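Each protein sequence line maps, in turn, to chains A and B.
The working numbering puts the first residue of the first sequence at 1, with every later residue one more than the last.
The working numbering puts the first residue of the second sequence at 1001, with every later residue one more than the last.
Don't be surprised by glycine CBs; every beta carbon is placed ideally from N, CA and C.
Small disclaimer: the values here were computed from a predicted structure and weren't measured.
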Amino acid sequence: MLWSVYSLRNLWARRVTTLLTLSGLGLVVFVFVAILMLAHGLERTMGRTGDPANAILLSKGALSEIESSLSRDQAGVLAAQPDVVTLEDHQVAAVREIALQLTLRKQDRGSLASLSVRGSSPVVFAVRPRVRIVHGRAWQPGTTEVIVGSQVARQFPEARLAETLRFGRREWTVVGIFEAEGSGFDSEVWGDVDQMMTTFHRTAFSSMTLRLADPEMLPAFKARLERDPRFKVSVKREPEYYEGKAEGLARLIRVTGLFLTVVFSVGAILGATMTMSASVAHRTTEIGTLRTLGFTRGHILQAFMLESILLGLAGGLLGVAGAALLNRVTISTVNWDTGAELAFGFHLTPGMVGEGVLFAVCMGLIGGLVPAARAARLDIVQALGERTA
Amino acid sequence: MVDPVVHLHQVTKTYSRGGTEVSVIKDLSFVIPAGTFLAIMGPSGSGKSTLLNVIAGIDRPTSGSVVVAGTRLDQLSEGEMARWRARHIGYVFQTYNLIPVLTAAENVELPLALTHLTRRERVDHVKTALRLVGLADRMDHYPRQLSGGQEQRVGVARAIVSDPTMILADEPTGNLDRESADDILTLLARLNRELGKTIVMVTHDPRAAERAQMIRHLEKGLLEMPP
Chain A
1 MLWSVYSLRN
11 LWARRVTTLL
21 TLSGLGLVVF
31 VFVAILMLAH
41 GLERTMGRTG
51 DPANAILLSK
61 GALSEIESSL
71 SRDQAGVLAA
81 QPDVVTLEDH
91 QVAAVREIAL
101 QLTLRKQDRG
111 SLASLSVRGS
121 SPVVFAVRPR
131 VRIVHGRAWQ
141 PGTTEVIVGS
151 QVARQFPEAR
161 LAETLRFGRR
171 EWTVVGIFEA
181 EGSGFDSEVW
191 GDVDQMMTTF
201 HRTAFSSMTL
211 RLADPEMLPA
221 FKARLERDPR
231 FKVSVKREPE
241 YYEGKAEGLA
251 RLIRVTGLFL
261 TVVFSVGAIL
271 GATMTMSASV
281 AHRTTEIGTL
291 RTLGFTRGHI
301 LQAFMLESIL
311 LGLAGGLLGV
321 AGAALLNRVT
331 ISTVNWDTGA
341 ELAFGFHLTP
351 GMVGEGVLFA
361 VCMGLIGGLV
371 PAARAARLDI
381 VQALGERTA
Chain B
1001 MVDPVVHLHQ
1011 VTKTYSRGGT
1021 EVSVIKDLSF
1031 VIPAGTFLAI
1041 MGPSGSGKST
1051 LLNVIAGIDR
1061 PTSGSVVVAG
1071 TRLDQLSEGE
1081 MARWRARHIG
1091 YVFQTYNLIP
1101 VLTAAENVEL
1111 PLALTHLTRR
1121 ERVDHVKTAL
1131 RLVGLADRMD
1141 HYPRQLSGGQ
1151 EQRVGVARAI
1161 VSDPTMILAD
1171 EPTGNLDRES
1181 ADDILTLLAR
1191 LNRELGKTIV
1201 MVTHDPRAAE
1211 RAQMIRHLEK
1221 GLLEMPP
């Protein structure tokens, strides 16, 4: 207890240096946690895209919907699989879709951005029940009406309700805005699949999404379809497919961020070392006094290590507090895996708070090790500055 | 004859300065009986502080044996020596050496952090020690809020709080005005007289030395024995 008081008051006594060191440690933790939050936010957004009860079907060998091609005949047979849910109106919960890329001008900087456009059918709301219209209404089949995700409406002026989008040499009226619980669908434009296929001279679908009666049966369903030579399809659980679509970007964020963190942390550790070294130099007589009173080298080591750990702890809390301010802040960038604009947010988890603080404590610990060892090794008589005669 | 609390036998202390060996204490043998208030006098460089440090177990002799409070110090390890100091030695410094970030009470409590006393017992000990030195009303003051005399009294309270076998004082009045110096000397004499504490004080001030029961002069590392 007395040791903690002693360490804390020593940090406070040199508060200007302490604050500077804290800022350094805090900044590194801020960057570290912010990167984790960003990567996690991205994965979370993509992981929430789609429904675990759904299976997405692509042509064999295709890595994304853009590369995939499923013929109308194939799609018809696939939709008739017994594992698929039959809705109250006797329709099957299977949606045939095409995926396209569209270039639009963003609201804030006026820059051009690529956007995902999905040709779909009204049954999509039964297949993806978490998607709901929050303004306006759904598109009418057979028309050039579209609905846009909430992030699209926020960022693109021409994608607001009642505005008109121009692509494929046609005009598409925005009749509704939908929300998809912060998932990747929020960054998409949806419209009638047949109109889009005609516009873009497509004869095949990009993908099919089926809602399974028993989601547990997906592995068996997948095995059966992928083995069947008639189909030549690959089957994935829908959220897993979308999560995989952000792997590259998430890895890029992590690698860049961790590289920056490592570089910064070297500086912060050196800062902590210098602070603690100055502290040891300033308190040489004090160390000699404590040793004279009977405190061992181990006690001195402990006292200075405790001080640097406290320094790290405070820096960690400062950094995490700063990063927490970013929580829920949304940014929008190009997803390298799809080439389309994707909006996602920083997302803080209790695990990240722990990792950030632990990281800072480790920096304090490493930074304090050499000065603390030097303090513990001091010769008592020399430390006291006693006359040797 | 009272048992000796300090027994030095043929103690020599040599330092190496610029490649030359300098003997600070030369073949010194003497005993200090328990309950004595001894003043060691001598000019600068006579070896008196080194002698005090050897008795306190914070410096080791180059040769010879040092037995203090029944323990042969020159054979102890670093850790054993630290624990021994905590148990047997109360040290009063010339420059008080209080920890600036701790209050008077916390400074006095420091040696008790090495004991197994409970928090309540520690507080009681601290209060008693500070009362004994007349600073019960300054417990929560920081060293910077105390006069030099008061700081040294806190230093004395810290030296006695764990009830050590002996008190060693290195020029305890060296930085004080005459009045404060007298107060400290009176306090040390009282601790010796009333509590029976063995006190070894190094000083170059004859007036301070006069307050001790016994005075020894150290000259060029040799102790001048009484006729």
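Inset, instruction - Please specify which runs of the beta strand (DSSP E), each continuous and at least 3 residues long, are wholly inside the region 1070-1134 of chain B, giving them in chain order. - result: Look at the region 1070-1134 of chain B and you find these whole runs of beta strand (DSSP E), each 3 residues long or longer: 1089-1092.
Inset, instruction - Determine the extent of the beta strand (DSSP E) in which L192(A) is found, giving its start and end residues. - result: The question names Leu, yet the displayed sequence has Asp at residue 192(A). Per DSSP, the continuous beta strand (DSSP E) segment holding D192(A) begins and ends at 188-192.
Legend entry - Stretch pair the region 182-197 of chain A + the region 25-32 of chain A: three plus CB contacts closer than 8 Å: Inter-segment contact for the region 182-197 of chain A and the region 25-32 of chain A is absent: fewer than three beta-carbon pairs are separated by less than 8 Å.
Inset, instruction - Using a Cβ-Cβ cut-off of less than 7 Å, list which residues of the region 1015-1033 of chain B approach chain A; keep chain order. - result: Of all residues in the region 1015-1033 of chain B, Y1015, V1024 have a Cβ within less than 7 Å of some Cβ in chain A.
Legend entry - M363(A) - containing alpha helix (DSSP H), residue span: Start and end: 350-377.
Inset, instruction - Give the DSSP-derived three-state secondary structure of D1183(B) in the structure shown. - result: Three-state result, D1183(B): helix.
Legend entry - Among S1044(B), M1041(B), T1071(B), nearest to L1008(B) - alpha-carbon criterion: Restricting attention to S1044(B), M1041(B), T1071(B), the CA atom closest to the CA of L1008(B) is found in T1071(B).
Legend entry - Beta carbon of I1032(B) nearer than 8 Å to that of T1165(B): The answer is no: Cβ separation not under 8 Å.
Legend entry - For A126(A) and L390(A), believed in contact at Cβ under 8 Å, the rounded distance: For residue 390(A) there is no data in the structure shown, the boundaries of chain A being 1 and 389.
Legend entry - Nearest-angstrom Cα separation, counted from G168(A) out to F200(A): Answer to the nearest angstrom: the Cα atoms are 7 Å apart.
Inset, instruction - Please determine, among E1224(B), L1110(B), H1116(B), the residue with the shortest C-alpha to C-alpha distance to V1126(B). - result: V1126(B) has its Cα closest to that of L1110(B), out of E1224(B), L1110(B), H1116(B).
Legend entry - Environment of Y1015(B) [buried if 16+ CB atoms lie within 10 Å]: Under this definition Y1015(B) is an exposed residue.
Inset, instruction - Output yes or no for whether 8 Å exceeds the beta carbon distance between S64(A) and A303(A). - result: In this structure, S64(A) sits away from A303(A), with a CB-CB distance that is not shorter than 8 Å.
Legend entry - Residue-level contact to chain B via CB, L311(A), 8 Å cutoff: By the rule that beta-carbons nearer than 8 Å mark a contact, L311(A) does not touch chain B.
Legend entry - P1111(B): contacting residues in chain A (beta-carbon distance under 8 Å): Within chain A, the residues near P1111(B) are L293, G294.
Inset, instruction - Determine the direct distance from the alpha carbon of L311(A) to that of K1048(B), and round the result to whole angstroms. - result: Roughly 42 Å between the two C-alpha positions.
Inset, instruction - For N1175(B), decide whether its Cβ has a neighbour in chain A, counting only Cβ atoms nearer than 8 Å. - result: Answer no: the Cβ-Cβ gap between N1175(B) and chain A never drops below 8 Å.
Inset, instruction - Give a yes or no on whether the C-beta atoms belonging to F231(A) and L100(A) are separated by under 8 Å. - result: Going by C-beta atoms, F231(A) is not nearer than 8 Å to L100(A).
Legend entry - Outcome for W172(A) when other beta-carbon atoms lying within 10 angstroms are tallied against a minimum of 16: Buried: at least 16 other Cβ atoms inside 10 Å.
Legend entry - M363(A) versus L1114(B): straight-line alpha-carbon distance, rounded: Taking the CA atoms as reference points, M363(A) sits about 30 Å from L1114(B).
Inset, instruction - Less than 8 Å between the CB atoms is what I'm expecting for A204(A) and S332(A), so what's the real figure, rounded? - result: At roughly 31 Å, the Cβ-Cβ gap does not stay under 8 Å, so A204(A) and S332(A) are not in contact.
Inset, instruction - Return the residue from the list R374(A), L325(A), V370(A), A93(A) that minimises the CA-CA distance to A34(A). - result: Closest option to A34(A), Cα to Cα, is L325(A).
Inset, instruction - Report the rounded CA-to-CA distance for V1005(B) versus V1068(B), giving the unit in angstroms. - result: Pairing V1005(B) with V1068(B), the inter-Cα distance amounts to about 6 Å.
Inset, instruction - Say whether chain A places a C-beta atom closer than 8 Å to the C-beta of I1058(B). - result: Chain A places a beta carbon closer than 8 Å to that of I1058(B), counting this residue as a contact.
Inset, instruction - With a threshold of 16 other CB atoms inside 10 Å of the CB of V148(A), please say whether the residue is buried or exposed. - result: Around the Cβ of V148(A), a 10 Å sphere holds 16 or more other Cβ atoms; the residue is buried.
Inset, instruction - Starting from the C-beta of F30(A), find all residues in its chain whose C-beta is less than 7 Å away, skip the five residues before and the five after it, and write them out in chain order. - result: For F30(A), where only same-chain residues beyond five positions count, the Cβ hits under 7 Å are G319, G322, A323.
Inset, instruction - Label L1176(B) either buried or exposed according to how many other C-beta atoms from any shown protein chain fall within 10 Å of its C-beta, with 16 as the threshold for buried. - result: Buried is the call here.
Legend entry - Contacts around R374(A), its chain only, beta-carbon distance under 8 Å, and the 5 residues preceding and following it disregarded: Here the set comprises S277, V280.
Inset, instruction - Just the chain A side, please: which residues come within less than 7 Å of V1101(B) by C-beta, in chain order? - result: Per Cβ cutoff of 7 Å: Y6, R9, N10, A13.
Legend entry - One or two residues paired with V1022(B) in a DSSP bridge: DSSP output for V1022(B) lists Y1015(B) as bridge partner(s).
Inset, instruction - Would you tell me roughly how many angstroms separate the C-alpha atoms of A1181(B) and L1135(B), rounded to the nearest one? - result: Each residue's Cα considered, the two are about 16 Å apart.
Inset, instruction - Work out the CA separation of V92(A) and L218(A) for me, nearest whole Å. - result: Straight-line Cα distance between these residues: approximately 17 Å.
Inset, instruction - Can you have a look at S206(A) and say buried or exposed, based on whether 16 or more other CB atoms are within 10 angstroms of its CB? - result: Buried.
Inset, instruction - List the residues of chain B whose Cβ lies closer than 8 Å to the Cβ of L20(A), in chain order. - result: Neighbours of L20(A) in chain B, taken as residues whose beta carbon is under 8 Å from its own, are absent, since the nearest beta carbon is some 19 Å off.
Legend entry - Among E341(A), R291(A), L306(A), the one whose alpha carbon lies nearest that of G390(A): Here chain A covers residues 1 to 389 and nothing more, so residue 390(A) does not appear.
Inset, instruction - Determine contact between the region 43-50 of chain A and the region 258-275 of chain A, defined as no fewer than three beta-carbon pairs at a distance below 8 Å. - result: Because the criterion of three Cβ pairs below 8 Å is not met, the region 43-50 of chain A and the region 258-275 of chain A do not touch.
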